[in-house]
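K.L.:
Take this structure first; my questions come after.
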Amino acid sequence: MPLTLSLSSADLDDDALHELTRQLRRDIGDEAGVEASLAAEPVQRGVKGLDPVLGQIIIAAIGSGGLAIALVNVFKAYVQRGKGLKIKLQKAGGEKLELDARNLGSEQFDKIVETFLKDVQ
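Residue numbers for the sequence shown follow our numbering, so the first one is 3 and each next one is one higher.
Below, the structure is given as structure tokens:
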């Protein structure tokens, strides 16, 4: 079941947010071993090609619990950097989780995200 990850931050301009999103997508694959791609949408009607959706990553099936924990650790590393990040996760069925990094401690973050990812396969 794919998962959509959306990043936003009042502290970053569009270019900085796009670069952060690209880095996170790469780290999800490299450090968590989970397949991820930048979300994209058609450029314009009748025009071939896709434009990336600012701040969005599509995460493929997560699989075992160990991969979910690795994914949480990648998210946490980005949240701890500051930048006023807000993370929204959405399951294919529509269930959403929205987190504001400024309002959560490390343990709270781990538990909330791990619980949300628990049944994502």
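Beta carbons are placed, not taken as given, at the ideal position from N, Cα and C, and that holds for glycine.
Please read these numbers as outputs of a predicted model, since none were measured by experiment.
What's the gap between the Cα of Ala70 and the Cα of Glu116?
P.N.:
Locating residue 70 in the sequence shown gives position 68, where the first residue counts as 1. Locating residue 116 in the sequence shown gives position 114, where the first residue counts as 1. Going from the Cα of Ala70 to the Cα of Glu116 covers about 7 angstroms.
K.L.:
By a C-beta neighbour count over all protein chains shown, 10 Å radius and 16 as the cutoff for buried, is Gly57 buried or exposed?
P.N.:
For the purposes of this step, residue 57 is taken as residue 55 along the sequence shown, with counting starting at 1. Burial call: buried.
K.L.:
What does the alpha-carbon distance come out to for the pair Ile60 and Leu91?
P.N.:
Counting from 1 along the sequence shown, the entry for residue 60 is found at position 58. Counting from 1 along the sequence shown, the entry for residue 91 is found at position 89. Whole-angstrom Cα-Cα distance: 10 angstroms.
K.L.:
Name the residue from Ala62, Ile114, Arg104 whose alpha carbon lies nearest to the alpha carbon of Val94.
P.N.:
The count along the sequence shown starts at 1 and reaches residue 94 at position 92. The question names Val, but residue 94 is Ala in the sequence shown. It is Ala62 whose Cα lies nearest to the Cα of Ala94.
K.L.:
Going by DSSP in three states, Ala38 sits in which element: helix, strand or coil?
P.N.:
Along the sequence shown, one-based indexing puts residue 38 at 36. DSSP places Ala38 in strand when its eight states are reduced to three.
K.L.:
Given a cut-off of 8 angstroms on the beta-carbon distance, is the pair Leu9 and Thr23 in contact?
P.N.:
Indexing the sequence shown from 1 puts residue 9 at position 7. Indexing the sequence shown from 1 puts residue 23 at position 21. A contact, by the Cβ cut-off of 8 angstroms.
K.L.:
Which first and last residues belong to the alpha helix (DSSP H) in which Ile114 is found?
P.N.:
The residue you call residue 114 lines up with position 112 of the sequence shown. Element bounds for Ile114: 108-119.
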